[in-house]
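FYI, the numbering for the sequence shown is 26 to 101, going by the numbering used here.
Glycine residues also receive a C-beta, built at the ideal position from the N, C-alpha and C atoms.
For reference, the structure discussed in these notes is given below.
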Amino acid sequence: CFKCGKYGHFANACDHRYNKMRCERCGRDSHLEDNCYATFDKDGEMLDCARCGRDSHCADECYAQYDVNGRRLHGY
């Protein structure tokens, strides 16, 4: 669904309360957590890196080879 970002239905059949996508990671509208590269949430709290899951940096500054769970990261 292009309105709420969930699977299993199309936008014309969406009964989502707000009919908007909302990121579960940062709390903002217009994107989902899979595409979130926010550094801070809506309350100004620093978020963990969207790429590796560590704190103290954001995804565009991340050069980690492994995430916090030990899985190998690709692309950098």
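Non-local C-beta neighbours of G30 in its own chain, meaning closer than 7 Å and more than five positions away in sequence, comprise M46, L57, ordered along the chain. In the three-state reduction of the DSSP assignment, D85 falls in the helix class.
Distance from the CA atom of D68 to the CA atom of C77, rounded to whole angstroms, is 22 Å.
One thing to note: C61 has its Cβ within 8 Å of the Cβ of C51. Take the alpha-carbon of D92 and the one of S81: they are about 14 Å apart. Secondary structure of D54 (DSSP, three-state): strand.
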